[in-house]
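In our numbering, the protein residues as written are 886 to 990.
Even for Gly, the Cβ is constructed at its ideal location relative to N, Cα and C.
Since the structure is predicted, the reported quantities are computational estimates derived from the model, not experimental observations.
Scroll down for the structure; my scribbles are underneath it.
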């Protein structure tokens, strides 16, 4: 059984209780399902507890290293600017008023 079977099982229980008075089998199935559902929620609680601890560690990490990450991002941008400016310099030396060959000789 899974969680989507809960309304169906409960509906079957009510119908059988109201019309047949033979609901012992359905109550057993329903209580079986609720036992499984409680076990599932216990596992889910463990997972959420571990996930909250994980997100707490991530928040702590980003708080401690946020300024370093921003500085590193600025460093990467500056390095990218350096590469672009170097490429522009090479292009202007090659096809500009001067050529590299005339500067070397």
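Span separating the alpha-carbon of residue 955 from that of residue 937: In a straight line, the C-alpha of residue 955 is about 25 Å away from that of residue 937.
Our contact map puts residue 894 next to residue 918 with C-beta atoms below 8 Å; I'd like the distance itself, whole angstroms only. 6 Å
At the level of alpha carbons, what is the spacing between residue 890 and residue 962? 55 Å
Note down the Cα distance separating residue 896 from residue 923, rounded to an integer number of angstroms. Here the C-alpha atom of residue 896 lies approximately 20 Å from the C-alpha atom of residue 923.
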